[in-house]
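> Residue 10 in our numbering is what sits at position 10 of the sequence shown, and the numbering runs on without skipping anything.
Shown below is the structure under consideration.
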Amino acid sequence: MDINRNFTGEQILLRDTIRKFAEEVIKPKARELDEKEEFSVEITKQMAEIGLLACFLPDKYNGCGLDYVSYIMVVEELARVDGSHAATIAAHNSLGAGPLYYYGNEEQKKKYLPKFADGYLWGFGLTEPEAGSDAGNTQTTAVQDGDYWVLNGAKIFITNASTDITLGSTVLACTGTKPGGKKELSCFIVENGTPGFTTKAMKNKLMWRASNTSELYFEDCRVHKDNMLGKRGDGFHQMLGTLDNGRLSIAAMGLGNAQGAFETALNYAKTRKQFGKPISTYQATAFKLADIDMGLEMARNYLYEVCRMLDRNENITKEGAIAKLYCSELAHMASNHCVQIHGGYGLMKEYDAERFYRDQKLLEIGEGTSEIQRLVISRMIGCFDV
Ligand SMILES: Cc1cc2nc3c(=O)[nH]c(=O)nc-3n(C[C@H](O)[C@H](O)[C@H](O)COP(=O)(O)OP(=O)(O)OC[C@H]3O[C@@H](n4cnc5c(N)ncnc54)[C@H](O)[C@@H]3O)c2cc1C
1 MDINRNFTGE
11 QILLRDTIRK
21 FAEEVIKPKA
31 RELDEKEEFS
41 VEITKQMAEI
51 GLLACFLPDK
61 YNGCGLDYVS
71 YIMVVEELAR
81 VDGSHAATIA
91 AHNSLGAGPL
101 YYYGNEEQKK
111 KYLPKFADGY
121 LWGFGLTEPE
131 AGSDAGNTQT
141 TAVQDGDYWV
151 LNGAKIFITN
161 ASTDITLGST
171 VLACTGTKPG
181 GKKELSCFIV
191 ENGTPGFTTK
201 AMKNKLMWRA
211 SNTSELYFED
221 CRVHKDNMLG
231 KRGDGFHQML
241 GTLDNGRLSI
251 AAMGLGNAQG
261 AFETALNYAK
271 TRKQFGKPIS
281 TYQATAFKLA
291 DIDMGLEMAR
301 NYLYEVCRML
311 DRNENITKEG
321 AIAKLYCSEL
331 AHMASNHCVQ
341 IHGGYGLMKE
351 YDAERFYRDQ
361 KLLEIGEGTS
371 EIQRLVISRM
381 IGCFDV
């Protein structure tokens with residue numbers, strides 16, 4: 001099937017441009033950065049120069065004003081070549097810029113959003129050591145003291161939060177108790193360098209090794225009341241809304257990873273000969289490739305249709321969960337087949353197969369595990385309404 005169907009000429013041009021950029025700028029360095037576990041400021045700045053740190057922000061904030069289909073295409077194309085750089089862009093745009101743009105007031109937007117085009121990053125501080133899937137169980141507290149809120153607590157696994165070009169993070173904290181006894185949760189804008197706020201890069205990751213993942217610590221960290229994002233008590237709703245959209249960028253990373261693994265496996269299978277013939281001609285290999293191709297067709301069609309729903313401002317809670325689940329499980333299958341088709345070479349760092357295999361695993365965990373996606377879908381189809 002022609003993958004260009006249903007895309008506009010502009011979207012196709014964008015995809016081709018990003019593909020070229022990923023091949024020429026990221027690919028030659030991806031293996032080395034992964035090996036050294038090094039976040040590249042240089043490549044991130046280059047990505048900023050072509051607008052990738054302000055994908056869907058409007059022109060008035062120096063953004064590219066992309067629709068969601070185009071933004072997701074960008075993430076897919078980056079992930080086709082390297083998971084780490086796709087993660088930097090997906091987390092920054094969906095989780096970093098997203099909440100500021102959708103929930104911030106004009107003053108907050110004017111202060112932070114235009115800086116992203118200049119190559120600065122923003123983090124999304126939801127997960128805590130004791131609050132992962134159960135993110136509503138946030139332990140970080142914010143207590144009002146005059147014009148300030150005083151934050152105490154810690155966050156873990158926060159993407160992009162501690163690089164040299166990170167401006168700050170949006171952080172969820174408990175600001176009180178609701179009438180029914182539930183926690184009242186609110187979001188705060190916390191700039192790096194604020195006294196009482198420290199960040200620490202997490203090392204020794206299995207995957208996305210050239211992306212930045214951080215721990216955040218708050219010890220009597222005072223932020224002005226103007227740093228509250230939206231209304232007091234709206235924080236959890238804002239975070240869940242952010243994740244609904246963010247899941248599409250994780251889905252795009254799954255699709256891109258599967259596409260990259262597929263191309264890598266197909267090329268290898270056509271050139272590797274055993275028993276005198278290319279291994280692609282053995283049905284055991286060919287059927288693996290056929291299964292991935294089938295998954296790619298289904299995933300691409302579904303994911304971009306959900307993006308179009310979002311572009312029309314339709315609710316995508318269920319569809320986003322399905323897209324994220326399907327595309328991440330496709331990446332699991334595709335990268336596993338890719339390694340298998342490479343045989344022993346697939347386990348060696350000189351081949352991209354092993355990096356696709358490692359990078360996909362996070363997609364079944366981050367922004368809601370596969371189990372949580374199944375929970376969201378079960379809830380939406382009414383399983384628990386009995
Ligand atoms: C590299 C990386 C980057 C990340 N980036 C960010 C970021 O930028 N911002 C951020 O806030 N977070 C981020 N995360 C955190 C990520 O979203 C969490 O790891 C994820 O939500 C799961 O939480 P957890 O690790 O605490 O696992 P847990 O919640 O402890 O889950 C452990 C296991 O229990 C299962 N489980 C839990 N509850 C249920 C249930 N009710 N039903 C069935 N099974 C269940 C899970 O599915 C999983 O298999 C990142 C994580 C990583 C590794």
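Glycine included, every Cβ here is placed at the ideal spot set by N, Cα and C.
State the CB to CB distance for the pair Leu-126 and Met-239, rounded to an integer number of angstroms; the pair is presumed to be in contact (CB under 8 Å).
5 Å
> At the 8 Å Cβ level, is Gly-235 part of the contact set with chain B, yes or no?
The chain inventory of the structure shown lacks chain B, comprising one protein chain alone.
> Say whether the region 218 to 238 touches the region 164 to 179, bearing in mind that this needs 3 or more beta-carbon pairs closer than 8 Å, one atom from each stretch.
By the Cβ rule, the region 218 to 238 counts as touching the region 164 to 179, because three or more pairs are nearer than 8 Å.
> Would you kindly work out how many angstroms separate the C-alpha atoms of Ala-284 and Lys-109, rounded to a whole number?
54 Å
> So if DSSP puts Gln-274 in a beta bridge, which residue, or which two residues, is it bridged to?
Lys-277
> Starting from Gly-295, follow the alpha helix (DSSP H) in both directions and report where the run begins and ends.
283 to 311
> Any heavy atom of ligand 1 closer than 7 Å to the Cβ of Leu-375?
yes
> State yes or no: is the C-beta of Leu-95 nearer than 7 Å to some heavy atom of ligand 1?
yes
> Under 8 Å, do Val-69 and Ala-22 count as touching if we go by C-beta distance?
No, Cβ-Cβ distance for Val-69 and Ala-22 is not below 8 Å.
> For Gly-51, which residues from the same chain have a beta carbon less than 6 Å from its beta carbon, with the 5 sequence-adjacent residues on both sides left out?
Excluding sequence neighbours, Gly-51 sits near Cys-64.
> On a Cα-Cα basis, can you pick out the residue from Gly-83, Ala-54, Val-74 and Val-75 that is closest to Gly-96?
Ala-54
> Tell me, which residues are paired with Cys-174 by DSSP?
Thr-141 and Leu-185
> In the DSSP assignment, the alpha helix (DSSP H) including Glu-364 goes from what residue to what residue?
First-last for Glu-364: undefined, no H or E at that position.
> Considering only residues of the region 97 to 141, which uninterrupted beta strand (DSSP E) runs meet the minimum length of 3 residues and lie entirely inside it, listed in chain order?
121 to 125
> List the residues that DSSP assigns as beta-bridge partners of Met-228.
Phe-188
> Report yes or no: do three or more beta-carbon pairs, one from the region 306 to 322 and one from the region 255 to 264, lie closer than 8 Å?
no
> Please report the residue range of the alpha helix (DSSP H) in which Asn-336 lies.
Per DSSP, Asn-336 is one residue of the alpha helix (DSSP H) stretching across 317 to 342.
> Determine the contact status of Glu-128 and Thr-141, defining contact as a CB-CB distance below 8 Å.
no
> At a threshold of 7 Å, does Phe-124 count as lining ligand 1 (C-beta to nearest heavy atom)?
yes
> For the alpha helix (DSSP H) containing Lys-27, list its first residue and its last residue.
27 to 36 is the span of the alpha helix (DSSP H), which, as asked, contains Lys-27.
> Let me know the secondary structure DSSP gives Asp-220 once reduced to three states.
strand
> Out of Leu-113, Asn-152 and Lys-182, state which residue places its alpha-carbon closest to the alpha-carbon of Thr-194.
Asn-152
> Any chance the region 233 to 253 sits against the region 346 to 358, with 3 or more Cβ pairs inside 8 Å?
Not touching, per the Cβ criterion.
> Can you check whether the CB of Asp-59 is closer than 8 Å to the CB of Trp-208?
For Trp-208 and Asp-59, no; Cβs fall outside 8 Å.
> Does the region 70 to 78 touch the region 186 to 201, meaning 3 or more C-beta pairs lie closer than 8 Å?
no
> By the DSSP assignment, the beta strand (DSSP E) with Ala-201 in it spans what residues?
197 to 201 is the span of the beta strand (DSSP E), which, as asked, contains Ala-201.
> Would you check if the distance between the CB atom of Thr-213 and the CB atom of Cys-174 is smaller than 8 Å?
no
> Which residues in the same chain have their Cβ closer than 8 Å to the Cβ of Val-376, if we skip the five residues on either side of it in sequence?
Thr-317, Lys-318, Ala-321 and Gly-368
> Using only the alpha-carbon positions, how far apart do Glu-24 and Val-143 sit?
Answer to the nearest angstrom: the Cα atoms are 49 Å apart.
> Ligand 1 and Phe-157: does the residue's C-beta get closer than 7 Å to at least one heavy atom of that ligand?
yes
> Could you give the distance in angstroms between the alpha-carbon of Leu-100 and the alpha-carbon of His-237?
14 Å
> Taking its Cβ as the centre, do 16 or more other Cβ atoms sit within 10 Å of Ile-279, making it buried, or is it exposed?
Per the 10 Å Cβ criterion, buried.
> Buried or exposed: Ile-18, going by 16 or more other Cβ atoms within 10 Å of its Cβ?
buried
> Just verifying my parser: in three-state terms, what is the DSSP assignment at Tyr-351?
coil
> Is Ile-292 near Gly-366, with beta carbons less than 8 Å apart?
no
> With distances taken from CA atoms, which of Gly-254, Gln-274, Asn-301 and Ala-331 is nearest Lys-288?
Ala-331
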